[in-house]
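Colleague:
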Amino acid sequence: QQQVKQSPQSLIVQKGGISIINCAYENTAFDYFPWYQQFPGKGPALLIAIRPDVSEKKEGRFTISFNKSAKQFSLHIMDSQPGDSATYFCAASRGHNFGNEKLTFGTGTRLTIIP
Amino acid sequence: DTEVTQTPKHLVMGMTNKKSLKCEQHMGHRAMYWYKQKAKKPPELMFVYSYEKLSINESVPSRFSPECPNSSLLNLHLHALQPEDSALYLCASSQPRDSQREAFFGQGTRLTVV
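Protein sequences appear in the order of chains L and P. Take the first sequence: its letters are residues 3 to 117, numbered as in my numbering. Take the second sequence: its letters are residues 924 to 1037, numbered as in my numbering.
Written out as structure tokens, the structure reads:
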């Protein structure tokens, strides 16, 4: 129930294309869904996050689509650039206790943008 | 300042050594976390401190001992580690309010146990 399933494991997209990464969860108590971007040798950095009361959130070239009934959410990267090449993790958490939140991460997607 | 600073960046230690990892943040965050990340895997939660008190211990072996001396500092004391403990150790912090869930991660300490 605590798992977050992420796909694909790796993704190659041409420069200028749309990168799409999908995640699915089981625990309906999750109420916060962030995406993290991680470059080699660095810690994860928050990219964008969404709560289940909205179906879509857009920040620049990055969009989260959220389907509450299907318990799925996805990250879309428009006009993908070589600098977007990184590992992306979806995550989920529930705020049952302040300061006791646990981020449950997906397994990660290694994205490569080719020229 | 939106940084979480971890030192050292790299650490090589023998199985009989005692060492400490340090983490510092000046964002006023009152929740701090230790994660362990193996290559090509997601971060795994080890410990959570909330208001300087240990609130979550994810059944981590006692050879890892966390400490939170004040609201800005978090340490991870290491003793008698095993080679399989080699990993990237990440510190993170967040504000334990429902309206702000963003966790900021440090760059990590790359630990190698020999």
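Cβ coordinates follow ideal geometry from the N, Cα and C atoms, glycine included.
Quick one: residues in its chain with C-beta nearer than 6 Å to the C-beta of F970 of chain P, no 5 flanking neighbours on either side, listed in chain order?
Modeller: Here residue 970 of chain P is taken as the residue at index 47 of the second sequence, counted from 1. Closer than 6 Å at Cβ, skipping near neighbours: W957, N980, P989.
Colleague: Can the beta-carbon of G110 of chain L be found less than 9 Å from the beta-carbon of K932 of chain P?
Modeller: Sequence index remark: in the first sequence, residue 110 of chain L carries index 108 (1-based). Sequence index remark: in the second sequence, residue 932 of chain P carries index 9 (1-based). Against a cut-off of 9 Å, the Cβ pair of K932 of chain P and G110 of chain L comes out as no contact.
Colleague: Three or more C-beta pairs closer than 8 Å, one from the region 990 to 998 of chain P and one from the region 941 to 951 of chain P: is that the case here?
Modeller: The region 990 to 998 of chain P is in contact with the region 941 to 951 of chain P.
Colleague: Run through the DSSP bridge pairs and tell me what G928 of chain P is partnered with.
Modeller: Counting from one through the second sequence, the residue named residue 928 of chain P turns up at place 5. Here the sequence assigns Thr to residue 928 of chain P, which means Gly is not the residue at that position. Answer is P:E947.
Colleague: Buried or exposed for L1013 of chain P, please, with buried defined as at least 16 other CB atoms from any protein chain shown within 10 angstroms of its CB.
Modeller: Counting from 1 along the second sequence, the entry for residue 1013 of chain P is found at position 90. It counts as buried.
Colleague: With a threshold of 8 Å on Cβ separation, who are the neighbours of V1037 of chain P within its own chain once the five nearest residues in sequence on each side are excluded?
Modeller: Looking up residue 1037 of chain P in the second sequence gives position 114. So the list reads V935, M936, G937, M938, P1006, once near-sequence residues are dropped.
Colleague: In chain L, what lies closer than 7 Å to Q1030 of chain P by C-beta?
Modeller: As a first step, residue 1030 of chain P must be located in the second sequence, where it is residue number 107. Chain L residues near Q1030 of chain P: K44, G45.
Colleague: How would you write the range of the beta strand (DSSP E) that R1041 of chain P sits in, first residue to last?
Modeller: Residue 1041 of chain P is absent from the model: chain P starts at 924 and stops at 1037.
Colleague: What residues from chain C crowd round L968 of chain P, counting only those whose CB sits closer than 8 Å?
Modeller: Chain labels in this structure do not include chain C; the protein chains are L and P.
Colleague: So what's P84 of chain L in DSSP terms, helix, strand or just coil?
Modeller: On the first sequence, residue 84 of chain L is found 82 positions in, with the first residue counted as 1. Reduced to three states, the DSSP call for P84 of chain L is helix.
Colleague: Please classify P84 of chain L as buried or exposed, where buried requires at least 16 neighbouring CB atoms within 10 angstroms.
Modeller: Position 82 of the first sequence, counted from the start, is the residue given in the question as residue 84 of chain L. So P84 of chain L ends up on the exposed side.
Colleague: Does the pairing of the region 47 to 57 of chain L with the region 65 to 79 of chain L give three or more beta-carbon distances under 8 Å?
Modeller: These segments touch.
Colleague: Excluding the 5 residues flanking Q941 of chain P on each side, which residues of the same chain have their C-beta closer than 6 Å to its C-beta?
Modeller: In the second sequence, residue 941 of chain P corresponds to position 18, counting from 1. Sequence inspection shows Lys at residue 941 of chain P; the Gln mentioned does not correspond to that position. Around K941 of chain P: H1002.
Colleague: Hey, how far is the Cα of Q5 of chain L from the Cα of K73 of chain L?
Modeller: The count along the first sequence starts at 1 and reaches residue 5 of chain L at position 3. The count along the first sequence starts at 1 and reaches residue 73 of chain L at position 71. Whole-angstrom Cα-Cα distance: 12 Å.
Colleague: Give me the chain L residues within the contact set of P931 of chain P, using Cβ-Cβ distance strictly less than 8 Å, ordered along the chain.
Modeller: Counting from 1 along the second sequence, the entry for residue 931 of chain P is found at position 8. Simply none; closest approach about 14 Å.
Colleague: So the beta strand (DSSP E) S978 of chain P belongs to, where does it begin and stop?
Modeller: Taking the second sequence and counting its residues from 1, the one referred to as residue 978 of chain P is at position 55. 976 to 980 is the extent of the beta strand (DSSP E) around S978 of chain P.
Colleague: If the criterion is Cβ atoms closer than 9 Å, does the pair T35 of chain L and A88 of chain L meet it?
Modeller: In the first sequence, the residue the question calls residue 35 of chain L occupies position 33. In the first sequence, the residue the question calls residue 88 of chain L occupies position 86. The amino acid at residue 35 of chain L is misidentified as Thr; the sequence shows Phe. No.
Colleague: Assuming S76 of chain L contacts N29 of chain L under a Cβ cut-off of 8 Å, what Cβ separation, rounded to an integer in Å, is found between them?
Modeller: The count along the first sequence starts at 1 and reaches residue 76 of chain L at position 74. The count along the first sequence starts at 1 and reaches residue 29 of chain L at position 27. S76 of chain L to N29 of chain L, Cβ: 18 Å. No contact.
Colleague: Does chain P have any CB closer than 9 Å to the CB of A51 of chain L?
Modeller: Here residue 51 of chain L corresponds to residue number 49 of the first sequence, with the count starting at 1. It does: the Cβ of A51 of chain L has a partner Cβ on chain P nearer than 9 Å.
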